[in-house]
Amino acid sequence: MKRLKAGIAALFTMAAVLAGTGTAQAAPPGDRDVIANLWSWNWNSVARECTDHLGPAGYGGVQVSPPQDSLTRGGAVWWDVYQPAGYTLTSKFGNESQFAAMVRACHAAGVRVYADAVINHMTGQGSTSYGGASFGKYTYPGLYSPADFHYYSEDCGNTDNLIHDGDYTGSARNVQNCELVGLSDLETEEEYVRGAIAGYLNKLIGLGVDGFRVDAAKHTSPADLGNIYGRLSGSPYIYQEVIYGSGEAVQPGQYTGIGDVLEFQYGRYLREKFYGNISDLRTFGESWGGMQPSGRSVTFVANHDTERGTGALSYKDGAAYRLATVFQLAWNYGTPQVYDGFTWSDREAGPPHTNGFVRDAVCGSGWECLHRDPAITGMVGFHNAVRGTAVANWSAPNGNVIAFSRGTRGWIAINNGTGSHAGTFPTGLPAGTYANVAGSGTVTVNGGGQATVTVPAKGAVAIVAGGTTTPPAQVPVTFNVNATTTWGTNVFLVGSIGELKSWNPAEAVPLSSAAYPVWSATVTLPASTSFEYKFIKKDGSGNVTWESGANRAYTTGSSAATINATWK
Ligand code: LAG
Ligand code: CA
């Protein structure tokens, strides 16, 4: 049984297609495109994080957990939130006003908000929700009744109504119309269901949400999703979870016409190479098996599912995980997402909670917070600075060490080995002294564009042209000269560098006669810099007398100094 007979439903569908197709935006958003995935964070904590860390660090977006009401397991498990019990915003992460306040705070910090949209299914069984609703597996009062689920339409080819492993290679129909791990599967080809899902997403858009991570998109046909997206207001950014599997019936490429996709091969390859040779990454990108076009891909080193599996790196891999994230932010592929969840040992366990409701996130105490790591925030800045530039100046002195530039705007060396690596690399950057944004200290690039650096074990050295170039350190130098003069004549200092007026006597630095016959001045000069200079006398009429003999010479060090001289 369907809610609407085919003819009427088709009319609605056609109207929606005509009205709406193309309004959902597939292109990655804006100049700041790095997305922090604050998975399982409550709304108050996300709001605080946007203001205090994400905005200032240059993140352009934050992905938040499913905001709708859900099945409750009293906080014991994390996955109850992937079983929607309705579309009110009363979840274990907060209520609607807290959600709205979070969106406002993030926007004020320049951070867009993307919500995890669970729209393929509802729950696996009847129960109660965090918001206090009672429901059955196929009955959600005021929202869905049995006719709204595939179970009642015989659209699934399996008698037990479940998706079987073999379906992935054999049957797109079963992958999309049968039940994923027993979750009641919405009949997304039905007009009423499409309208209800779009209504939920539009409510979030009305609260300011900028886009969606579409959960389990692989289990809903692109035709159904495209129809739903066509009903959305504004231009939400949509990226879809379509896990790639070789030879499968449903492929990510079937979804790239209606939005972007989460690139699952990306993290699999990174794990393989960070446990093998990162020098293999030279050609990493869409030519690698199963990978999608860069412009259609959202990349991630880990997400909440992969960190509980074995195919990708996770925080449990320690320094290699952090370093892979550094690489992700440096490499020229896709829209990067930086994952952050809670610390766990039981893969089913939920985040820290009180009576089921998630507690405020505390970095280092139950929460990982990779996104706050100075190397990661430094690399978010790097990523933003080098956008649109190609990888160049590649070198890989051994399997564990790679270095490359992004055009002439940024350069990075990454060492995945267990010992430090010293070397000289072409950087493509102008000469200067730069801050290492992926670690500590500075990097000097010589006039030939080369830098000699020591890259720490499991560490990186990264520099960015322009804004982050550190001005040379300054040191005060006191010049004392014992010089007798007649009334009306004064002593000055002039020399080869700008601070000493480039040998121009008219602008020479005046010395004080307070300790006559010792004339004195303290000048701030660049550290570690060699120059020549002389003292001069000027009489009341402006006549200049230079010291005799050769120029004096001096090289500044890294701290204050005093030069004592006698007029010659
Ligand atoms: C997703 N992507 O397609 C999420 O990234 C993934 O984390 C979700 O599964 C899945 N889709 C459904 O939204 C998670 C857990 C499952 C859990 C499910 C629903 O990984 O283990 O299933 O959420 O809560 C659980 C039980 C199953 C049971 C099912 C139905 O673990 O054993 O069959 O509920 O009762
Ligand atoms: Ca489905």
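Just so we're aligned: the sequence shown equals residues -26 to -1, 1 to 542 in mature numbering (1 follows the signal peptide of the UniProt record, and there is no 0). Cβ coordinates follow ideal geometry from the N, Cα and C atoms, glycine included.
Taking the Cα positions, P196 is about 7 Å away from I232.
If you look at H395, you'll find it isn't in any alpha helix (DSSP H); it sits in the beta strand (DSSP E) that goes H395 to P400. Straight through space, the alpha carbons of A409 and T194 are spaced by roughly 48 Å. Distances taken from the Cβ of Q150 to the heavy atoms of ligand 2 include one shorter than 8 Å. When secondary structure is reduced to three states using DSSP, K432 falls in the coil class, being assigned neither helix nor strand. Here A405 is exposed: its Cβ has fewer than 16 other Cβ atoms, across all protein chains shown, within 10 Å.
Here V455 carries a strand assignment [DSSP, helix/strand/coil]. Runs of beta strand (DSSP E) with 3 or more residues, each lying fully within the segment 291 to 335, are found at 309 to 314, listed in chain order. Under the three-pair Cβ rule at 8 Å, the segment 113 to 125 does not count as touching the segment 65 to 79. When distances are taken from the beta-carbon of D159 to the heavy atoms of ligand 2, the shortest one is below 8 Å.
Here D159 is not near Y104, since their CB atoms are 9 Å or more apart.
In this chain, L160 is not harboured by any beta strand (DSSP E), its DSSP state being neither H nor E.
For Y125, the three-state secondary structure derived from DSSP is helix. Each residue's CA atom was taken as its position, placing Y88 and T452 some 58 Å apart.
Closest in alpha carbon position to V332, among Y61, R6 and G68, is G68. The beta carbon of Q228 sits closer than 7 Å to those of P196, all from its chain and outside the five residues before and after it, given in chain order. Taken atom to atom, the span from the alpha-carbon of Q42 to that of W13 is near 14 Å.
If you draw a 10 Å sphere on the C-beta of S502, you find fewer than 16 other C-beta atoms in it, and that means exposed. Excluding five sequence positions before and after T418, the CB atoms of its chain that fall closer than 7 Å to its own CB belong to T407 and A425, given in chain order.
Here R361 is not near A439, since their CB atoms are 9 Å or more apart. The straight-line gap separating the alpha-carbon atoms of F356 and G259 is approximately 19 Å. Cβ-Cβ separation between A436 and G352: approximately 7 Å, consistent with a contact (criterion under 8 Å). Between S207 and G250, the alpha-carbon positions lie close to 46 Å from each other. Pairing Q150 with K192 gives a Cβ-Cβ distance under 9 Å.
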